[in-house]
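Data block below; observations after.
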Amino acid sequence: MNQTELKEFLDEKVLLYNNPSFIVDDPVQIPHLYTQKEDIEIAGFLSATIAWGNRKMIIKNAHKMMALMGNSPYDFVMHHNEDHLDALEGFVHRTFNSVDLATFMQALQHIYRNHGGLEAVFSDSSLPLQARISKFKTIFFEIQHQQRTQKHISDPLKGSAAKRINMYLRWLVRNDNAGVDFGLWKGISPSELSCPLDVHSGNMARKLGMLKRTQNDAKALLELDTALRELDPIDPVKYDFALFGLGAIEKF
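The number in the working numbering is simply the position in the sequence shown, starting from 1, with 5 added.
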């Protein structure tokens, strides 16, 4: 199909999937449990961090994380003590375990106490967004931590597509007026966002001729972002709904 036909096709799929019914089977449902800004952004960050593998298991374990924090993530992050962190013992989602979760609690506290919170760290307009993700990782791990925990935050400047953080940023930045993405963060423009590139979106982009690179890495992300910005320079990552829906749900 030509560019006009491709845009019409994908725009229809965006309308099909970018609505509240999408939430039921997606980890974005976890931050939707909350109304306070800080609760939403922390719940979203933690849920996005474990968003790989079986979606039902992701959602189940994200709910478990919230329960371990008394379903008050911001309060837990800001006021936890060693006993609270000990209570996280036994949590595991694939390779993300209780040691990693405890470190994330301490790192998030550091972010909110010393760097103005998650939004402030990501909103440094002097850098391109993918470079801000790399800077965020550096700031996040300024606290004492085990080396193993660093693998749970990707670095685009080291070749990663950073799927989970880009998905998280879509949740917090895009205001879709449809009840899925929150539009809470005003310091980042939706036009800056990158598509959360995973197996489904990558395979669909290749089938539709939007992506030639075979690896789902930072170079592939740049190629896909370029193609999506040609379709909609203002809100390019809305097509994440279309590509994911076509691949994961329709098996197109």
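Note that CB positions come from ideal geometry on N, CA and C, so glycine has one too.
Here residue 6 has 14 as same chain residues with Cβ atoms under 7 Å from its own Cβ, once five neighbours each way along the sequence are excluded.
Residue ranges of uninterrupted alpha helix (DSSP H) with 4 or more members, entirely inside the segment 219-254 and ordered along the chain, are 223-236, 244-249. Counting only the Cα atoms, residue 200 lies some 7 Å from residue 171.
In the structure shown, residue 89 adopts helical secondary structure according to DSSP, grouped into three states.
As for any alpha helix (DSSP H) of minimum length 4 sitting wholly inside the segment 103-178, the runs are 103-119, 123-127, 134-145, 168-178, ordered along the chain. Annotation: residue 81 to residue 94 spans about 15 Å, alpha carbon to alpha carbon. Its Cα nearest to that of residue 132, the residue 192 stands out among 192, 98, 77. With a minimum length of 4 residues, the unbroken runs of alpha helix (DSSP H) contained wholly in the segment 174-216 fall at 204-212. Annotation for residue 72: the continuous alpha helix (DSSP H) segment containing it runs 60-73. Distances from the CA of residue 20 to each of 168, 77, 185 were compared; the closest alpha carbon is that of 185. Below 8 Å, too few C-beta pairs join the segment 123-132 and the segment 85-105 to call them touching: fewer than three. Residue 202 is not a Cβ neighbour of residue 156, given a cutoff of 7 Å. Residue 81 sits in a helix when the DSSP states are folded into three classes. One Cα belongs to residue 27, the other to residue 242, and the distance between them is close to 16 Å.
Within the same chain, no residue comes within 6 Å of residue 41 by CB-CB distance, once the 5 residues on both sides are set aside.
Under the three-state reduction of DSSP output, residue 101 falls in the strand class.
Closest in C-alpha terms to residue 134, from the list 48, 175, 75, comes 175.
The DSSP-derived three-state label of residue 95 is coil. Residue 256 carries a coil assignment under DSSP once its states are collapsed to helix, strand and coil. Around the C-beta of residue 100, fewer than 16 other C-beta atoms lie within 10 Å, and the residue is accordingly described as exposed. For residue 41, there is no enclosing alpha helix (DSSP H), as DSSP marks it with neither H nor E. Sixteen is the threshold: since fewer than 16 other Cβ atoms of the shown chains lie within 10 Å of the Cβ of residue 239, the residue is exposed. If you draw a 10 Å sphere on the C-beta of residue 159, you find 16 or more other C-beta atoms in it, and that means buried. Using a C-beta cut-off of 8 Å, the segment 65-72 makes contact with the segment 28-35, since at least three inter-stretch Cβ pairs fall below that distance. Counting the other Cβ atoms within 10 Å of the Cβ of residue 110 gives 16 or more, which makes it buried.
Judged by DSSP secondary structure, residue 19 falls within the alpha helix (DSSP H) whose first and last residues are 8-22.
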